[in-house]
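Participant: Residue numbers (our numbering), protein chains in the order written: chain A, 7 to 220; chain B, 93 to 295.
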């Protein structure tokens, strides 16, 4: 008996049924975790004042709408990338392409009053650091859940899947944070939200492929 | 004489007939394997044994074209283990072929990486060799692969990893410093791996 035959005999000897991977269950878990985080942050910080009224203004609608779209696309790309035949590169490229369009959209919806302010005033670094840090903190539980899902699945491009995971987690964190973020200026959003997203994505890309073995 | 197994690196064929041979299975067989895997997921040992036996034959053929003969069994077993560990990720709604091919390709790349990391081996001067076919195929494929590299990288890999020269001899021969030779080998192998990874050979 060859070693391959012996291996096959061992693998089939005590075969037990397995529960098939279900992407809808994984998507549901992500949604549930996002909802819990949203409830927690609203309980701790409260919703930003005047949200109901401001959501109709172009800049706030742009902020929430584009982040919701990006988070949805990135989460889909990440979860799909965990299956062997998937090509994570396409999902990552689509997310980055949409992010580019969102940035252009941000330039178009910038109110004229904002353009007159100084750059430092518009960027408001102290508040920006709080926003970027909050996005990182909110992204961590989602990244952990996605890392668990990735580990249980079979991504054959772990580095690209990790990139998709980082983008998805950070964009979800950013979307949740919009509920209490008091800033509307698209320049501010682009700079500081991008900083938070980039930090989480870089960490995911560096950390997740380690110790992963198909 | 020193010999490195990189010389048996094989590249996926561009010949449609040979590519067809490399495909995991025709639609009928893929459907059959899909049904067998579905049964295996439900705990049917007999179906799983039959599936693994049939897949191991295909995997042998797949890796024989791509790896040194001594690494084929390892690659087949690694792939079977990966399939066993990740069998819950197969969705019977989708074809089985691409699922298997993706895992096999990943394992091929892993095996190439481990070959690149492996130290070179000293072999006796007079070593009897049986079949030259794989070596001849590998040599022509290797030449094609080396064309993807910069001349300095290709030359360093060819002299050290294929022809068995030492780093110092290669440095003298090429006029490069020893560290430049090492760097060219390292970067060249990394580039080869990356090139192989990007090849869509069995979609």
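Beta carbons are placed, not taken as given, at the ideal position from N, Cα and C, and that holds for glycine.
#1: Express the C-alpha separation of residue 68 (chain A) and residue 171 (chain B) in angstroms, rounding to a whole number.
#2: So if I threshold CB-CB distances at 7 Å, which residues from the segment 150-174 of chain A count as touching chain B?
#3: For residue 193 (chain A), which residues in the same chain have their Cβ closer than 6 Å to its Cβ, ignoring the five residues on either side in sequence?
#4: Do the segment 176-195 of chain B and the segment 264-280 of chain B touch if we need at least three Cβ pairs shorter than 8 Å?
#5: If the criterion is Cβ atoms closer than 8 Å, does the pair residue 140 (chain A) and residue 183 (chain A) meet it?
#6: Does any residue of chain B bring its CB to less than 8 Å from the CB of residue 9 (chain A)?
#7: Is residue 116 (chain A) helix, strand or coil when you go by DSSP?
#8: Using the beta-carbon count (16 or more within 10 Å), is residue 156 (chain A) buried or exposed?
#9: Interface residues of chain A around residue 264 (chain B) at Cβ under 9 Å?
#10: Using a Cβ-Cβ cutoff of less than 8 Å, which residues in the same chain neighbour residue 241 (chain B) once the five nearest sequence positions on both sides are dropped?
#11: Am I right that residue 288 (chain B) and residue 164 (chain B) are in contact with their C-beta atoms under 8 Å? What's the rounded C-beta distance?
#12: Would you say the segment 95-110 of chain A touches the segment 75-83 of chain A, given that touching needs at least three Cβ pairs under 8 Å?
#13: Please classify residue 182 (chain B): does DSSP put it in a helix, a strand, or coil?
#14: Can you pull the chain A residues whose beta carbon is under 7 Å from the beta carbon of residue 126 (chain B), in chain order?
#15: Spatial neighbours of residue 70 (chain A) within its chain, please: CB distance less than 6 Å, with the 5 preceding and 5 following residues excluded, ordered by chain position.
#16: Within 8 Å of any Cβ in chain B, is that where the Cβ of residue 18 (chain A) sits?
#17: Distance check for residue 122 (chain A) and residue 54 (chain A), CA to CA, integer angstroms please.
#18: Measuring CB atoms only, is the segment 191-208 of chain A touching the segment 168-183 of chain A, in the sense that at least three cross pairs come out at less than 8 Å?
#19: Scan the segment 16-66 of chain A and note each continuous alpha helix (DSSP H) run of 4 residues or more that stays entirely inside, going in chain order.
#20: Compare the C-beta of residue 190 (chain B) with all C-beta atoms of chain A and state if any pair is closer than 8 Å.
#21: Kindly list, in the order they appear in chain A, the residues whose Cβ is closer than 7 Å to that of residue 274 (chain B).
#22: Look at residue 160 (chain A) and residue 89 (chain A) and say whether their C-beta atoms are less than 8 Å apart.
#23: 8 Å is my cut-off, CB to CB: does residue 86 (chain A) come that close to chain B?
#24: For residue 164 (chain A) versus residue 215 (chain A), is the C-beta distance shorter than 8 Å?
#25: So, under 8 Å CB-CB, residue 104 (chain A) and residue 126 (chain A) are touching, yes? Tell me the CB distance rounded to an integer number of Å.
#26: Measuring CB atoms only, is the segment 150-161 of chain B touching the segment 13-27 of chain A, in the sense that at least three cross pairs come out at less than 8 Å?
#27: Please list the residues of the segment 150-170 of chain B that have a C-beta atom closer than 7 Å to any C-beta atom in chain A, keeping them in chain order.
#28: DSSP on residue 150 (chain A), reduced to helix/strand/coil?
#29: In terms of residue numbering, what span does the alpha helix (DSSP H) encompassing residue 154 (chain B) cover?
#30: Which chain B residues are close to residue 146 (chain A), counting only those with a beta carbon under 8 Å from its beta carbon?
#31: Kindly list the residues whose CB is nearer than 7 Å to the CB of residue 199 (chain B), restricted to its own chain and excluding five residues on each side of it in sequence; keep chain order.
#32: Say whether chain B places a C-beta atom closer than 8 Å to the C-beta of residue 205 (chain A).
Facilitator: Taking the geometry as given:
#1: 47 Å
#2: 159, 160, 162
#3: Shown here for residue 193 (chain A): same chain residues with a beta carbon closer than 6 Å to its own, the five before and five after excluded, namely 128 in chain order.
#4: no
#5: yes
#6: yes
#7: When DSSP states are grouped into helix, strand and coil, residue 116 (chain A) belongs to the coil group.
#8: buried
#9: Taking a Cβ-Cβ threshold of 9 Å, none of the residues of chain A is close to residue 264 (chain B); the smallest such distance is about 38 Å.
#10: 249, 280, 283, 284
#11: Actually they are not in contact, since the Cβ atoms of residue 288 (chain B) and residue 164 (chain B) sit about 16 Å apart, beyond 8 Å.
#12: yes
#13: coil
#14: The premise fails here: residue 126 (chain B) is roughly 13 Å from chain A at the closest Cβ pair, so nothing lies under 7 Å.
#15: Taken in chain order, the residues that qualify are 184.
#16: With 8 Å as the cut-off, residue 18 (chain A) counts as an interface residue toward chain B.
#17: Distance between the alpha carbons of residue 54 (chain A) and residue 122 (chain A) is about 25 Å.
#18: yes
#19: 29-51, 57-60
#20: It does; some Cβ of chain A falls within 8 Å.
#21: Going along chain A, no residue has its Cβ under 7 Å from residue 274 (chain B), so there is no contact; the nearest lies around 25 Å.
#22: yes
#23: no
#24: yes
#25: Rounded, the Cβ-Cβ distance is 29 Å, inconsistent with contact.
#26: no
#27: Here the close residues are 165, 168, 169.
#28: helix
#29: 137-156
#30: None at all; the shortest Cβ gap to chain B is about 25 Å.
#31: 167, 170, 171, 174
#32: no
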